[in-house]
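Reading through the structure tokens given below for one structure.
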Amino acid sequence: MRFNLKTYQLVSFLVYGLILLFMLTIFSGFSQKIDNVHFKRLSTENEKLVQGLSQNWIYSILQDKYGYMWFGTWDGLNKYDGYDFSIYNVEDGLSDHVIYSLLEDDEGYLWIGTEKGFNKFDRKTQTITQYVHIPGDSNSLVNNRINSIIQAHDGSFWLGTAGGLNHFHKETETFTPYLATQQDFYSLRSNYIINVYQDKEGILWVSTSSGLVMFDSKTGRSTRYYHIDSDSNSISHNNVRCVMQDKYGGLWIGTRNGLNYYNKTTREMRHYFNEPGNPFSLSNNWVRTIYEDNSGEIWIGTESGLNYYNREQDNFIRHENILNDAGSLSHNRVYSIYEDRSGNIWIGTYKGVNKIIRYHNDFQHRKQTAFDESSMNNNVIWNFTEDNEDNLWICTGKGVSIKNAETGKFTFLEHYPDDGQSLSDNDVRALNFCPSLNCMWLGSFGGGLDRYDLNTKKITHYRHNPNKNSLSSNFVNDVIQDRDGLVWIASGKGLNCFDPATGRFAVYLSDAEDENSLSNSIVICLLEDKQGNIWAGTDDGLNKYIKSENKFVRYMSDPEDKNSLSNNTIFAIYQDKKGVIWVGTSGGGINRLNTQTGSFKAYTINEGLPNNVVYGILEDDAGHLWITTNLGLSKFYTREERFVNYDVKDGIQSNEFNLGACYKGKNGLFYFGGMNGYNVFDPLKIIHNPNKPVVVITNFRKFNDVQNLEYFNNDTIELNYDDNYFSFEISALDYTNPIKNQYKYMLDDIDQD
374 MRFNLKTYQL
384 VSFLVYGLIL
394 LFMLTIFSGF
404 SQKIDNVHFK
414 RLSTENEKLV
424 QGLSQNWIYS
434 ILQDKYGYMW
444 FGTWDGLNKY
454 DGYDFSIYNV
464 EDGLSDHVIY
474 SLLEDDEGYL
484 WIGTEKGFNK
494 FDRKTQTITQ
504 YVHIPGDSNS
514 LVNNRINSII
524 QAHDGSFWLG
534 TAGGLNHFHK
544 ETETFTPYLA
554 TQQDFYSLRS
564 NYIINVYQDK
574 EGILWVSTSS
584 GLVMFDSKTG
594 RSTRYYHIDS
604 DSNSISHNNV
614 RCVMQDKYGG
624 LWIGTRNGLN
634 YYNKTTREMR
644 HYFNEPGNPF
654 SLSNNWVRTI
664 YEDNSGEIWI
674 GTESGLNYYN
684 REQDNFIRHE
694 NILNDAGSLS
704 HNRVYSIYED
714 RSGNIWIGTY
724 KGVNKIIRYH
734 NDFQHRKQTA
744 FDESSMNNNV
754 IWNFTEDNED
764 NLWICTGKGV
774 SIKNAETGKF
784 TFLEHYPDDG
794 QSLSDNDVRA
804 LNFCPSLNCM
814 WLGSFGGGLD
824 RYDLNTKKIT
834 HYRHNPNKNS
844 LSSNFVNDVI
854 QDRDGLVWIA
864 SGKGLNCFDP
874 ATGRFAVYLS
884 DAEDENSLSN
894 SIVICLLEDK
904 QGNIWAGTDD
914 GLNKYIKSEN
924 KFVRYMSDPE
934 DKNSLSNNTI
944 FAIYQDKKGV
954 IWVGTSGGGI
964 NRLNTQTGSF
974 KAYTINEGLP
984 NNVVYGILED
994 DAGHLWITTN
1004 LGLSKFYTRE
1014 ERFVNYDVKD
1024 GIQSNEFNLG
1034 ACYKGKNGLF
1044 YFGGMNGYNV
1054 FDPLKIIHNP
1064 NKPVVVITNF
1074 RKFNDVQNLE
1084 YFNNDTIELN
1094 YDDNYFSFEI
1104 SALDYTNPIK
1114 NQYKYMLDDI
1124 DQD
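Heads up, the sequence shown is in my numbering, so the first residue is 374 and it goes up one at a time.
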């Protein structure tokens, strides 16, 4: 969010050392699956902004040298800093409210083409100079409607208007017109200029309503290209909307009836059209804009959809508005496309701005879909595992949802009171697959332990009863099967060890008079380590069961010992590839155990963890830990001892996860569940955003009076001795996920660090 520095009272103080350090939060890599793009929207109705767009028709987009985004709309010029919009309109000095074209020149001036004139915006002085058509003045604009503005390689300006082509001379502030005349074959094809483009060789390409013109700026002579029905090598239509040269030197020409590719070397023209029934053809024949991003990818905006050109297949991937899908394009009519410095692609449409985030996280969110019988049956997720056919089993608040690996469809196991072959209870908290028996062990919170035979599809129930060899409690929190085939059950009344061969349970309880017993009988989570020891996390302490000695070693929190466990309520136990034991607690963060010394090192919110309640821990193939908490997901760089945190704004299912709801799939994907479904993602594809944005002062006040310092951004701001009260606002101009931007600041002689 926008950062407000508190107002400081000064006696006599010179601010000379303002140090701003922007720290980027982590985002995932740009998805290579261009066919699965997620759009972020900005509009007049953006409820998260104090001021939304002034109007939703976005004709032009620009990022200036400071990093601000500018949008030309039907009703005003909009400046965006990632948090708020500032609106400029006629009352601010613009010649008209309809903004068609934008340009920032090499001196930092902003040039605005409108329905009624050409405007120069000096942002340092906050003044606007208007240039309009003056009848009888040959040095004035030839027409007031400015459809296109470019600054040529020589620094001069060319303007495409509704009444001809203009060459603007900044030094004299005069215009030279170039018009179409019937008598001159080398003149323009039409005076209605839609677009002006200069290629790498310096040639001007002028798009008109009656054909394409190659314009020699030195001689003022034109070469005309127009559609000829009998010539397949001609352009597809005379109403030419745009031209763009790609990195290979070819020209892309958008018309009102098709897209054209012109090979300047072979002089061959290739045509692309919408083909009914072919989803890989152009989405619509009316091409409004063409853009090549820094990666060389071609984007085409049409009257009905955005298209990505697939060079390998020589076809198109369409992106269109989908009803009730907020992640789809906001409207199919695309006017403008632009790439910012961070690589985000901005799309201006008839209904607001859309943004494709280059470093977009790929936390895929799965949840129950209303009225869809093929989706899972509940959004409260407690556990995951896979069977021998790679089907995904998900514990929910309504039994178990089983996702078929081939079809993606779900089947369900649920409790039915009158069916003895149904689950014991729907509140299933634990799952464990036994390959040797081809069965699934299911522990529920109130129904005991179930064994589901995948061959016969029959269920065997194990519940607590007076028999001392039965399950000690029907409230099961966790189930694991060890290397010897024994099943260990964490319950609300002891640790149970079940031998499938004998059908008997051995129960381990806490004994206040036996220090080698379990520290507490409420057992929450379990782990078998690489040595075959069983670890049990309880409501009061961590325990290691040494089978060969039939005893427990206790690890407890001691307020007098900073190297002891940080909290006695244990929610998660995990052993990484190096053999290190990690312990997640309820209130004490995550602990690293030194098994040689028995000492712990705790990592809490003080070290960067988002919350001290830890529900689950997984390790990725790079050795980083992923930790679910009561306030989001965290990635822990164990070597640097550094956390990077994610919340709902990054796409996770909810800020609240559930105890034990974490699983690493056979394919390497991570599954994390909570109160609103689950996330599935490849942890190695969640990478840093490498861009270092500019941090700018967006507002400076002395005694609550706004000062015009927005575009100075000096390292030094000097105040008079009696300027005792001041405040300012800053923004980091990276638009990947602005609300996640974080700041550090320091005032010399006041702050120590």
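Think of the CB as a built atom: it goes at the ideal place given N, C-alpha and C, for glycine as much as any other residue.
Inspect the beta-carbon positions of residue i and residue j and report whether they are closer than 8 Å.
i: D851; j: G1033; result: yes
i: N811; j: L827; result: yes
i: V586; j: W531; result: no
i: I608; j: M642; result: yes
i: I472; j: G449; result: yes
i: G910; j: I897; result: yes
i: G627; j: T592; result: no
i: G876; j: N847; result: no
i: F1016; j: H997; result: no
i: R414; j: N727; result: yes
i: F925; j: K935; result: no
i: G957; j: V987; result: yes
i: N984; j: F973; result: no
i: I895; j: D912; result: yes
i: G584; j: N611; result: yes
i: G716; j: N667; result: yes
i: S959; j: F944; result: yes
i: W755; j: V801; result: yes
i: E980; j: E1014; result: yes
i: S656; j: N694; result: no
Output needed for residue i: all residues of its chain with C-beta closer than 6 Å, excluding positions within five of it in sequence on either side, in chain order.
i: F386; result: With a pLDDT of 31 at F386, under the threshold of 50, the modelled position of that residue is not reliable, and no figure is offered here.
i: Y928; result: L915, L938
i: N1110; result: none
i: L483; result: E477, F494
i: T758; result: W766, L804, F806
i: G536; result: V515, N516, N564
i: F1076; result: Y1098
i: G865; result: S846, F848, I895
i: F1067; result: According to the sequence shown, residue 1067 is Val rather than Phe. Counting only Cβ-Cβ distances below 6 Å, and skipping sequence neighbours, we find G440, L1106.
For residue i and residue j, which I take to be in contact (beta-carbon distance under 8 Å), what is that distance rounded to the nearest angstrom?
i: I501; j: K493; result: 7 Å
i: G1024; j: F736; result: 4 Å
i: L475; j: L435; result: 4 Å
i: F1030; j: T1002; result: 7 Å
i: I566; j: T581; result: 6 Å
i: G481; j: R714; result: Not a contact, Cβ separation roughly 16 Å.
i: G821; j: S797; result: 5 Å
i: S709; j: S433; result: 5 Å
i: N764; j: I775; result: 6 Å
i: F646; j: N658; result: 6 Å
i: G528; j: D479; result: 7 Å
i: N799; j: G816; result: That belief does not hold up - the Cβ atoms of N799 and G816 are roughly 13 Å apart, past 8 Å.
Going by beta carbon distance, what residues of the same chain come within less than 8 Å of residue i, once the five residues before and after it are set aside?
i: E1083; result: Its pLDDT being 47, under 50, E1083 is placed unreliably by the model, and the measurement read from it follows with that caveat. These residues qualify, in order along the chain: R496, V1069, I1070, T1071, N1072, F1073.
i: A525; result: W531, Q571, G575, L577, S590
i: K573; result: Q618, G622
i: I978; result: G962, N984, N985
i: D465; result: I501
i: F783; result: S747, S748, M749, N750, S774, I775, K776, N777
Give the range of the beta strand (DSSP E) segment to which residue i is assigned.
i: S580; result: 577–581
i: W447; result: Here W447 belongs to no beta strand (DSSP E), and DSSP marks it neither H nor E.
i: M587; result: 584–589
i: W672; result: 671–675
i: W999; result: 998–1002
i: V1068; result: 1068–1075
i: M749; result: First-last for M749: undefined, no H or E at that position.
Looking only at its own chain, which residues have a Cβ that is under 7 Å from the Cβ of residue i, when we skip the five neighbours before and after it?
i: N923; result: none
i: Q343; result: For residue 343 there is no data in the structure shown, the boundaries of the chain being 374 and 1126.
i: S560; result: L552, A553, T554, S595
i: T487; result: L467, S468, D469, V471, I472, Y473, I519
i: N893; result: S883, T911, D912, D913, G914
i: K872; result: The amino acid occupying residue 872 in the given sequence is Asp; Lys does not appear at that position. Excluding sequence neighbours, D872 sits near L859.
Fully enclosed by the segment 923–983, which beta strand (DSSP E) runs are 3 residues long or longer? Correct list: 924–928, 943–948, 954–958, 963–967, 972–976.
Would you mind listing the beta strand (DSSP E) stretches within the segment 862–886 that are 3+ residues and don't spill past its ends, in chain order? 867–872, 877–881
Taking the runs of the beta strand (DSSP E) that are 3 residues or longer, which of them lie wholly in the segment 479–560? DSSP runs (the beta strand (DSSP E)) wholly in the segment 479–560: 483–487, 490–495, 500–504, 519–524, 530–534, 537–542, 547–551.
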